[in-house]
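K.L.:
For reference, the structure I am asking about is given below.
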Amino acid sequence: MRFNWMKSLLVAAFSLIMLSLSSVVFGQEKKETTAEEKKGFDANEVIFGHVKDAHEFHFLSYKGDDEKEHEAAIPLPVILYSPQKGFSVFMSSAFHDNQIVDGYKLEEGKIIPVDSSVKVYDISLTRNVVQMIIALILFVWLMLAVAKKYKKGHGVISAPSGVQNAIEIVIEFIADQVGKPYLGKRYTKYMPYLLTIFFFILINTFFGLIPGSANVTGNIAFTMVLALISFVVILLSSNKHYWGHIINPDVPWGVKVILIPVEILGIFTKPFALMIRLFANMLAGHIIIICLISMIFIFGALNKGIGWGFAPVSLAFSIFIYFIEILVAFIQAFIFTNLTAVFIGQAMEGSHDAYDDGHVDPAML
């Protein structure tokens, strides 16, 4: 009996949803002539507008008392250089209402000249650039504050406290779990770089979780630069043993023909893997959250009742994914740092520093 009652309730709920959807369909058929008068919710524009770079920090849009659309945003400086016109400097808010400023216009987030014969170089402070500068200032301030405490004896003759204690735990974790296992006795040489990329990725990822901010770590240009820096460090750490295994591996000649190109390709796939892994994970998390929020408006466009009914479910899943993203921020910063240390350790393969009187240093194992 209880099962039949539940089944009947589900059938009734499904029937109500179908009826509401059908009424929307009929309503749309009657309003075909006015469909173009009002632009509906564009999920594609919202999603990609959030993850792409922009010339402002955009928080929300609202309709004012004058029945016009207004935006709550922080405009950023636009700096353009054209060989024909020279420098042009103004705020991005000048582009509002599709205005043309000094012969330039903003289309789909890009600044282009009205005159196609004019060549322009955009060196503006976009939200990705501004956010990285803020993250860098915060990172330097944080490290200097911790160093100042150590200089005064806190954490040396007394136990560390507050932020210093949290930072020290992370530093010891990176040293014990990343530096020593993969770099051996030379780990102290690379610790400044490993800690820099770990904290820089972590801080930028945390900033990206603030509504209206830029998703810097989800920008492939950002991850590409980090990967290129790691690539240079890996090459500078290499030795003749490392290149010997690549150029002249100890295998039969028939195998060398296949293995050598694969090994050479592997030199470039390592930084490529670093770049794509961080970019894809950070971008995917933001897109999932925005998609879940967008579903409220998508269903609301079909039927307001369904939109309001789905809102608690969408918000619950969004909050859940949001907290998952906080965990992912630590994981991805650690993975990037860990893989960088692994690749550096492989480049030092066969180094005499790994041996002591014919015995392998346990730290290298």
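311 is the number of the first residue of the sequence shown in the numbering used here; add one for each residue after it.
Note that beta-carbon positions come from the ideal geometry of N, C-alpha and C, so glycine has one too.
Keep in mind the model is a prediction, meaning the values are calculated, not measured.
Does Leu446 pass the burial test, meaning 16 or more other C-beta atoms within 10 Å, or should it be called exposed?
P.N.:
Position 136 of the sequence shown, counted from the first residue, corresponds to residue 446. Per the 10 Å Cβ criterion, exposed.
K.L.:
With distances taken from CA atoms, which of Val450, His360, Phe508, Val388 is nearest Ile641?
P.N.:
What you label residue 641 is simply residue 331 of the sequence shown in a count that begins at 1. Ranking the options by Cα distance to Ile641, first place goes to Phe508.
K.L.:
Drop a sphere of 10 angstroms on the beta-carbon of Pro423, count the other beta-carbons inside from all chains shown, and report buried for 16 or more, exposed for fewer.
P.N.:
Position 113 of the sequence shown, counted from the start, is the residue given in the question as residue 423. By the 10 Å Cβ count, Pro423 comes out buried.
K.L.:
Evaluate the contact criterion for the segment 445-464 versus the segment 497-516: three or more CB pairs, one atom per stretch, below 8 Å.
P.N.:
The segment 445-464, when compared against the segment 497-516, does touch it at the 8 Å Cβ threshold.
K.L.:
Just to confirm the assignment, what range does the beta strand (DSSP E) spanning Glu381 have?
P.N.:
In the sequence shown, the residue the question calls residue 381 occupies position 71. Per DSSP, Glu381 belongs to the beta strand (DSSP E) from 379-385.
K.L.:
Assuming contact is defined by CB atoms lying nearer than 7 Å, are Ile384 and Phe400 in contact in what I supplied?
P.N.:
Residue 384 sits at position 74 when you count from the first residue of the sequence shown. Residue 400 sits at position 90 when you count from the first residue of the sequence shown. Cβ distance not < 7 Å, so Ile384 and Phe400 don't count as in contact.
K.L.:
Given this structure, state the Cα-to-Cα distance separating Ile757 from Asp560, to the nearest angstrom.
P.N.:
Residue 757 cannot be examined here, being either before or after the span of the chain that is shown, 311 to 675.
K.L.:
Three or more beta-carbon pairs under 8 Å between the segment 509-528 and the segment 638-657, yes or no?
P.N.:
yes
K.L.:
Determine contact between the segment 388-404 and the segment 412-423, defined as no fewer than three beta-carbon pairs at a distance below 8 Å.
P.N.:
The segment 412-423 and the segment 388-404 touch, with three or more beta-carbon pairs separated by less than 8 Å.
K.L.:
With distances taken between CB atoms, is the gap from Ile606 to Ala583 smaller than 7 Å?
P.N.:
Taking the sequence shown and counting its residues from 1, one reaches residue 606 at position 296. Taking the sequence shown and counting its residues from 1, one reaches residue 583 at position 273. The answer is no: Cβ separation not under 7 Å.
K.L.:
What number of angstroms, rounded off, separates the C-alpha of Leu435 from the C-alpha of Val388?
P.N.:
Here residue 435 refers to the residue found at position 125 of the sequence shown. Here residue 388 refers to the residue found at position 78 of the sequence shown. Rounded to whole angstroms, Leu435 to Val388 spans 7 Å at the Cα level.
K.L.:
Rounding to the nearest angstrom, what Cα-Cα distance links Val440 and Ser540 in this structure?
P.N.:
For the purposes of this step, residue 440 is taken as residue 130 along the sequence shown, with counting starting at 1. For the purposes of this step, residue 540 is taken as residue 230 along the sequence shown, with counting starting at 1. Their backbone Cα atoms lie some 23 Å apart in a straight line.
K.L.:
Comparing C-alpha positions only, which one of Leu612, Val526, Ser604 sits nearest to Leu625?
P.N.:
Residue mapping note: residue 625 aligns to position 315 of the sequence shown, counting from 1. For Leu625, the nearest C-alpha among the options comes from Ser604.
K.L.:
DSSP on Ile410, reduced to helix/strand/coil?
P.N.:
Position 100 of the sequence shown holds residue 410. Secondary structure at Ile410: coil, using DSSP grouped into helix, strand and coil.
K.L.:
Give the DSSP-derived three-state secondary structure of Pro521 in the structure shown.
P.N.:
For the purposes of this step, residue 521 is taken as residue 211 along the sequence shown, with counting starting at 1. In the three-state reduction of the DSSP assignment, Pro521 falls in the coil class.
K.L.:
Just to confirm before moving on: does the CB-CB distance between Ala524 and Asn438 stay below 7 Å?
P.N.:
As a first step, residue 524 must be located in the sequence shown, where it is residue number 214. As a first step, residue 438 must be located in the sequence shown, where it is residue number 128. Yes, Cβ-Cβ distance for Ala524 and Asn438 is below 7 Å.
K.L.:
According to DSSP, simplified to helix, strand and coil, what is Glu342?
P.N.:
Position 32 of the sequence shown holds residue 342. Confidence at Glu342 is low in this model, with a pLDDT of 42, below 50, so its placement is unreliable and the value that follows should be read with caution. Helix at Glu342.
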